[in-house]
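Colleague:
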Amino acid sequence: MPSWQGRALTVVPTYNERENLARLVARLRALPGDIHVLIVDDNSPDGTGAIADAIAACDPGVHVLHRAGKLGLGTAYRAGFRNGLARGYDFLCTMDADFSHNPQSLPFLIDKAASGYDLVIGSRYVRGGTVVGSPPLRKFISYAANALAHIVLDVTARDCTAGFRCYRRQVLETIDLDAVFSSGYSFLVEMAFLVERAGFRTGEVPITFVNRTEGASKISKLEIYKAMYTIARLRTSALPWDRIVAIYHGRLDRR
Ligand SMILES: Nc1nc2c(ncn2[C@@H]2O[C@H](COP(=O)(O)OP(=O)(O)OP(=O)(O)O)[C@@H](O)[C@H]2O)c(=O)[nH]1
Ligand SMILES: [Mg+2]
Numbered sequence: 000m001p002s003w004q005g006r007a008l009t010v011v012p013t014y015n016e017r018e019n020l021a022r023l024v025a026r027l028r029a030l031p032g033d034i035h036v037l038i039v040d041d042n043s044p045d046g047t048g049a050i051a052d053a054i055a056a057c058d059p060g061v062h063v064l065h066r067a068g069k070l071g072l073g074t075a076y077r078a079g080f081r082n083g084l085a086r087g088y089d090f091l092c093t094m095d096a097d098f099s100h101n102p103q104s105l106p107f108l109i110d111k112a113a114s115g116y117d118l119v120i121g122s123r124y125v126r127g128g129t130v131v132g133s134p135p136l137r138k139f140i141s142y143a144a145n146a147l148a149h150i151v152l153d154v155t156a157r158d159c160t161a162g163f164r165c166y167r168r169q170v171l172e173t174i175d176l177d178a179v180f181s182s183g184y185s186f187l188v189e190m191a192f193l194v195e196r197a198g199f200r201t202g203e204v205p206i207t208f209v210n211r212t213e214g215a216s217k218i219s220k221l222e223i224y225k226a227m228y229t230i231a232r233l234r235t236s237a238l239p240w241d242r243i244v245a246i247y248h249g250r251l252d253r254r
C-alpha cells in the first residue's frame, strides 16, 4: 500500500524509444498505488507512438499525447502537465523513457512529496545518489550546469538538471507555465528556479542514475548553449528592475 493519498501521474516524454517503452510502462504499472502513465510522443520516426497506442489500448491507466514533430523536452513536459492537471491528478511526476531513472525509485519521490515537499527531485548529487556509466565529459557538463545554477541563480537543489521529479499539483497550478520560456532540456533548471522563487519547498531523494543502454541520446551541443542562455536570462529577470529604473531616473533628474 502506498503511503500517499491522491492520484499520481508520470509524464514520460518519448522520441525514438521503441526499445524501452513497453518494458518501462510495464514496470511503472506494476508499482503500488496505481500510478498512471502519460506518454508524450513527438511523432517518433521509429514508431514509438504506435507502440504507445497499443499499450494504452490494453490499460486504462496509460494515456498518450501525440504531437506533430520533435518540439523539445520542455514543451513535452508542459503539454503533459496541462493534460494531467485537467484530468485532476494530485502528483505529477516526470521521468525519462530510457531507464536512466529506475521506476522502483518513483514511489519514494511521491512519498516525499506527500510528506510536505512541493517538488521532489530524484537526485544524483545528494548523499547516496550516484551516476553509473556516464562518460566523464557528460558528468562534467552536468556538474558544471548545476554549479552555474547554484552560483548564478541561488537554486538550492543539488541536482536541478534532473528530469526525475514529482510536483504537487498546486505547484503547477501556481507557476505560469505559459511564461516558462525554455523549450528544451533547460526547462528543468528554469522550473527548479521558479519553484524555489515562488516559495515552494524542494526536496531530494538519492537515486542511482544509469546511462542509457538502449536507443540513442537526443541531447545536442546546442542544449549546452541554451542552458547558459536560460541561466543568464533568469538572472537578468530576477534583478530588481523597478529599483534600477528608479535609480537611473533619479540620476537623470539631478543633472
Ligand atoms: N516528446 C519528446 N521527448 C523527448 C524529446 N527529446 C528527448 N525526449 C525524451 O526525453 C527523455 C530524455 O532524453 P535523453 O535522450 O535520454 O536525454 P538524456 O538522458 O539527457 O541523454 P542520454 O544520457 O544520452 O540518454 C527521453 O525519454 C527522450 O526520449 C523531444 O523533443 N520530445
Ligand atoms: Mg537519457
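Sequence positions in the sequence shown follow numbering that gives the first Met the number 0 and run 0 to 254. The beta carbon of each residue, even a glycine, is placed where N, CA and C say it ideally should be. Source: prediction; values computed, not measured.
Could you check whether threonine 155 and alanine 144 sit closer than 7 Å to each other, using their CB atoms as the reference points?
Modeller: Annotated as distal: alanine 144 and threonine 155, with beta-carbon spacing of 7 Å or more.
Colleague: Is any heavy atom in ligand 2 found nearer than 6 Å to the beta carbon of aspartate 95?
Modeller: yes
Colleague: Where does serine 122 sit, in a helix, a strand or coil, going by DSSP?
Modeller: strand
Colleague: Rounded to whole angstroms, what is the Cα-Cα separation between aspartate 158 and serine 216?
Modeller: 20 Å
Colleague: Secondary structure at threonine 129, three-state DSSP: helix, strand or coil?
Modeller: Strand.
Colleague: Report all residues from its chain with a CB closer than 6 Å to the CB of serine 185; omit the five preceding and five following residues, and keep chain order.
Modeller: For serine 185, same chain residues with a beta-carbon under 6 Å away, outside a window of 5 residues either side, are Lys225, Ala226 and Thr229 in chain order.
Colleague: Indicate the three-state DSSP secondary structure (helix, strand or coil) for valine 10 in the structure shown.
Modeller: strand
Colleague: Can you tell me whether leucine 64 is helix, strand or coil according to DSSP?
Modeller: In the displayed model, leucine 64 falls within a strand according to three-state DSSP.
Colleague: Taking 6 Å as the line, does the beta carbon of serine 43 fall inside it for any heavy atom of ligand 2?
Modeller: no
Colleague: Under the DSSP definition of a beta bridge, which residues are partnered with isoleucine 38?
Modeller: Residue pairing by DSSP places isoleucine 38 opposite Val11 and Val63 in a beta bridge.
Colleague: Please identify the residue among Glu18, Ile120 and Lys111 whose C-alpha is closest to the C-alpha of methionine 190.
Modeller: Ile120
Colleague: Could you check the C-alpha separation between asparagine 15 and valine 61 for me, to the nearest Å?
Modeller: 18 Å
Colleague: Among Ile150, His65, Ile109 and Gly73, which residue has its Cα nearest to the Cα of glycine 202?
Modeller: Ile109
Colleague: Run through DSSP, which three-state label would phenylalanine 98 get?
Modeller: The three-state reading of DSSP puts phenylalanine 98 in coil, since its state is none of H, G, I, E or B.
Colleague: Taking 7 Å as the cut-off, decide whether the C-beta atoms of valine 204 and phenylalanine 98 are in contact.
Modeller: no
Colleague: Around the C-beta of methionine 94, are 16 or more other C-beta atoms found within 10 angstroms, so that it is buried, or is it exposed?
Modeller: buried
Colleague: Which residues does DSSP list as the beta-bridge partners of glutamate 203?
Modeller: Ile120
Colleague: Buried or exposed: where does glutamate 213 fall if 16 or more other Cβ atoms within 10 Å of its Cβ makes it buried?
Modeller: exposed
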